[in-house]
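Residue numbers (the working numbering): 15 to 81. Backbone N, C-alpha and C define an ideal beta-carbon position, used for all residues, glycine too. Computed from a prediction, not measured in an experiment: that's the story for all the values here. Written out below as structure tokens is the structure these notes cover.
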């Protein structure tokens with residue numbers, strides 16, 4: 015993803031979830047997606063649908079995380 019897209023997504027997540035600790039980061043060696051973090055903890059991936067121009071957020075939830 016381009017740096018301007020990452021900045022816009024970063025601002026969007028911070029605004030929507032009202033959490034300034036959220037951060038969207040570029041992925042090493044991948045240009046079709048970015049990573050979302052809260053502090054140092056990885057939350058998921060944001061993908062861009064090139065055909066539609068939309069973005070999709072994908073978050074895996076592990077069984078052990080549900081306690």
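Residue 15 sits buried, since 16 or more C-beta atoms from the chains shown fall within 10 Å of its C-beta. The beta carbon of residue 72 sits closer than 6 angstroms to the beta carbons of 58 and 59 from its chain, once the five residues preceding and following it are set aside; these are given in chain order. Of the residues 80, 43, 50 and 35, the one whose Cα lies closest to the Cα of residue 69 is 50. Proximity to residue 61 across 53, 52 and 47 peaks at 47, based on C-alpha coordinates. Pairing residue 19 with residue 39, the inter-Cα distance amounts to about 10 angstroms.
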